[in-house]
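Protein chains in written order, with the working numbering: chain A, 393 to 654; chain B, 70 to 537. Glycine included, C-beta positions come from ideal geometry on N, C-alpha and C. Owing to the predicted nature of the structure, the values given are computational and were not obtained by experimental measurement. Some notes on the structure that comes next.
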């Protein structure tokens with residue numbers, strides 16, 4: 393089984409430790425994981441702007457690069473949702489490489505939970521492999537695309553229950569304390585280009601989210617999407633709020649809370 | 070041609086007035102949580118949504134047949150059925166009925182369709198006085214505004230402001246803001262209007278093809294009062310409000326009020342089957358006004374399922390913070406941002422972008438309209454029509470080029486990160502950069518992941534798709 397790590401463009405450039413932590417986490421679980429060279433971006437920024445002609449060749453490249461692997465794992469719900477739910481417009485449905493990549497691209501927590509079987513209550517002995525301590529109060533920011541497009545947990549809007557994959561993994565971490573939020577899955581306001589197109593609304597949404605995490609008594613905001621955290625961190629740093637942000641992969645890989653000011 | 074709506078600009082005053090924006094957000098979030106409780110109390114909630122969606126899909130697919138069936142059954146009950154192709158025809162039909170009855174006193178209950186058609190304005194131009202009898206609509210009418218929400222028209226107005234408006238127009242005590250006092254004043258004021266009314270105009274929540282009846286849902290009973298005394302009732306109905314059978318109604322009434330305001334049902338669910346006696350008239354105006362065009366679109370047809378509950382507005386994090394008027398449209402929020410561009414894409418081109426694509430609207434929608442996917446689909450339509458600003462088109466072309474050339478991407482990334490590290494703060498955090506208006510930029514690391522990987526893990530077999 394050969395697994396390819398897909399590292400989103402902004403993670404590659406701005407948050408390399410999130411990718412390193414994802415890689416180490418998979419390696420520690422004995423998974424044969426590689427980082428295929430030449431990868432860049434899933435094409436979401438162009439697709440979400442409506443520029444389909446600019447997206448199509450980027451999506452094609454993505455499929456060509458990852459078609460030879462048994463699975464593609466990505467530490468981002470949003471980029472995974474792009475491949476799974478939005479690549480359809482750029483390929484023929486009988487394109488074998490596209491269908492393979494669409495079916496076998498997983499968000500990191502989803503892969504650990506559904507494929508490796510960690511934290512699903514069945515293969516709990518595997519829980520031992522998440523042998524890390526994180527003795528801190530954390531609050532979970534559910535990314536919208538992870539939650540509503542990939543179904544990584546139960547959405548507050550729908551009345552059907554599904555297991556919370558991010559939370560079930562975090563619960564395997566020693567000493568961790570999960571703090572409850574008032575609005576469990578409200579959007580942080582990042583939204584890709586939305587963050588700059590609608591800067592005022594985006595920032596207001598972000599400030600409200602940060603406020604909710606602060607009132608919970610959390611020390612660290614944890615999420616499966618670094619893009620949401622980049623936006624929230626931009627706000628906590630501007631406001632000098634006493635709360636850090638970490639990607640779930642960093643917590644699961646045993647990283648400590650960053651020592652720099654949030 | 071309509072003026073072009075620039076949503077970020079139109080939203081600025083409201084969203085940067087932090088206390089008002091937060092108060093508005095809290096008020097609507099409260100409604101959303103009430104909705105969650107009510108939806109959660111119905112074990113078959115998700116089944117009801119599926120049913121409602123399926124019924125609407127089938128209705129819209131066979132709309133012409135159902136409309137004819139509705140017309141035949143309504144006519145058999147003594148209703149006069151009118152067909153209006155657009156807003157102008159609708160307004161003229163109403164005016165014609167009013168003129169034939171030689172009346173000046175119109176009492177109207179809430180109808181977003183008449184707002185869409187600009188009926189009040191049209192009648193005023195023709196010297197006919199219209200009184201909106203829904204409390205929220207009366208408040209915005211007295212203030213010379215339009216509704217900012219389709220179910221809660223005055224949700225953007227604070228009770229103190231209502232007190233000022235009523236003091237000016239209804240003579241209530243200056244500075245009064247007690248909701249009960251103000252509501253009683255409005256009640257007294259409207260009671261006189263109800264007694265004097267000669268023609269009652271209502272909207273329609275559901276038209277039933279099988280029976281030829283129409284159903285109007287209100288909480289204040291104003292639709293019932295408004296049509297009980299006058300001899301003439303005009304019901305204005307968008308053609309998408311049809312449902313095939315009376316049995317289907319139960320699916321929708323169970324969903325409507327729970328989704329809209331978090332009530333199990335509206336206080337009044339009134340059925341009208343023909344005029345009430347031989348001295349009365351019931352007119353039903355079936356209005357198209359762009360709906361047939363929408364129906365022809367495979368991408369946007371499902372937006373005709375909308376039952377105007379407003380749940381997508383209550384849940385939308387953008388709407389809650391920017392206020393309904395920032396959309397400059399009769400129907401604001403997610404559904405409005407899907408509907409408005411279908412009428413005039415150029416004027417409303419910023420609306421599909423007034424959305425973070427969080428998808429909460431699609432999941433809250435009782436008839437399962439994939440709202441956020443439709444907003445995304447609108448963006449590609451707008452690009453196809455050449456309506457995306459040049460600067461954005463160019464930046465997306467540039468991004469696409471970078472992402473197709475990994476060496477160039479790596480180089481640009483390195484240069485960008487280095488610039489961020491070495492440039493003085495004023496060069497990166499200035500007013501030209503909308504990111505940094507309220508946020509810090511991320512601290513750029515010296516090494517990207519790809520460089521780290523090459524230095525620490527690189528294995529020959531990973532080179533099967535190298536950086537060429």
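A straight line joining the alpha-carbon of residue 186/B with that of residue 403/B spans about 20 Å.
Each residue's CA atom was taken as its position, placing residue 364/B and residue 388/B some 26 Å apart. If you look at residue 470/A, you'll find it in the alpha helix (DSSP H) that goes 469-473. Counting only Cβ-Cβ distances below 8 Å, residue 465/B has contacts in chain A at 437, 438, 441, 443 and 446, in chain order. For the set 640/A, 642/A, 636/A and 415/A, the Cα lying nearest the Cα of residue 651/A is the one of 636/A. With respect to the 8 Å criterion, residue 150/B and residue 140/B are classified as neighbours on the basis of their beta carbons.
Partner residues in the beta bridge of residue 337/B, as assigned by DSSP, are 287/B. Against chain B, a Cβ distance below 8 Å from residue 450/A picks out 469, 472 and 473. Cβ-Cβ distances below 7 Å link residue 176/B to 200, 202, 262, 263, 266, 269 and 295 in the same chain, with the five nearest sequence neighbours on each side left out; the list follows chain order. Look at residue 174/B here: in three-state DSSP terms it is strand. Residue pairing for residue 275/B: DSSP places it in a beta bridge opposite 284/B.
In summary, the residues of the segment 477-501 of chain B whose CB is separated from some CB of chain A by less than 8 Å are 478, 482, 485 and 486, in the order they occur in the chain. Chain B has a Cβ within less than 8 Å of the Cβ of residue 549/A. The DSSP assignment places complete beta strand (DSSP E) segments of no fewer than 3 residues inside the segment 550-620 of chain A at 612-615, in order along the chain. Annotated as proximal: residue 535/A and residue 616/A, with beta-carbon spacing under 8 Å.
Distance between residue 400/A and residue 524/B, taken at the CA atoms: about 19 Å. Residue 378/B is outside the set of residues whose beta carbon lies under 8 Å from a beta carbon in chain A. In this chain, residue 351/B is not harboured by any alpha helix (DSSP H); it is covered by the beta strand (DSSP E) spanning 350-356.
Proximity of residue 427/A to chain B, defined by a Cβ-Cβ separation below 8 Å, is satisfied.
When Cβ-Cβ separations below 8 Å define contact, residue 426/B makes contact with chain A. Residue 427/A sits in coil when the DSSP states are folded into three classes, being neither helix nor strand. Between residue 537/A and residue 470/A, the CB-CB gap stays under 8 Å. Counting only the Cα atoms, residue 306/B lies some 51 Å from residue 464/A. Only exposed fits residue 500/B, as fewer than 16 other CB atoms lie within 10 angstroms of its CB. Taking a Cβ-Cβ cut-off of 9 Å, the neighbours of residue 432/A in chain B comprise 471, 472, 473, 474, 475, 478 and 479, given in sequence order. Counting along the chain, residue 214/B sits inside no alpha helix (DSSP H), nor does DSSP assign it H or E at all.
The shortest CA-to-CA distance from residue 513/B to any of 502/B, 488/B, 122/B and 526/B is the one to 488/B.
The C-beta distance from residue 283/B to residue 321/B rounds to 13 Å, too long to meet the 8 Å contact threshold. Per DSSP, reduced to three states, the secondary structure at residue 154/B is coil, with no helix or strand assignment. Here the segment 201-216 of chain B lies against the segment 226-241 of chain B, with 3 or more beta-carbon pairs under 8 Å apart. Listed in chain order, the positions of the segment 241-267 of chain B with a beta carbon within less than 9 Å of a beta carbon of chain A would be empty, since no residue qualifies. The continuous alpha helix (DSSP H) containing residue 430/B extends over residues 429-433.
The C-beta separation of residue 612/A from residue 528/A comes to about 6 Å, placing the pair in contact by the 8 Å criterion.
For the pair residue 230/B and residue 247/B, the Cα-to-Cα distance works out to about 11 Å.
Along the segment 602-635 of chain A, going in chain order, the ones with a CB nearer than 8 Å to a CB of chain B are 622, 623, 625, 626, 627, 629 and 630. Here residue 106/B has 331 as same chain residues with Cβ atoms under 8 Å from its own Cβ, once five neighbours each way along the sequence are excluded.
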